[in-house]
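In our numbering, the protein residues as written are 144 to 245. Built from N, CA and C at the ideal position, the CB exists for glycine as well.
Below is the structure:
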């Protein structure tokens, strides 16, 4: 598949996702204008952290599918792990420690 074909396939997947998952959840009367705070809370829930958490949870399977032993990130994690003392504190600034953490 060429880069242009991959881009087109990605665009089509996004359009399907929006049509199937996003637009049906947005009431017709709020489409086309910026939602008020109250409308956002109805659509997204009260806690923005829940929305972020749900986004990470949705992205995790695709992200995990990329990881394998030859992936540079895997090698870097092994090298870092070898340098750390047992019980060392590590700030993992990614998908909540998934799919792997040292």
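Please state whether DSSP places residue 227 in a helix, a strand or coil. Coil, per DSSP.
In the DSSP assignment, the alpha helix (DSSP H) including residue 159 goes from what residue to what residue? 146-160
Could you check the C-alpha separation between residue 152 and residue 220 for me, to the nearest Å? 32 angstroms
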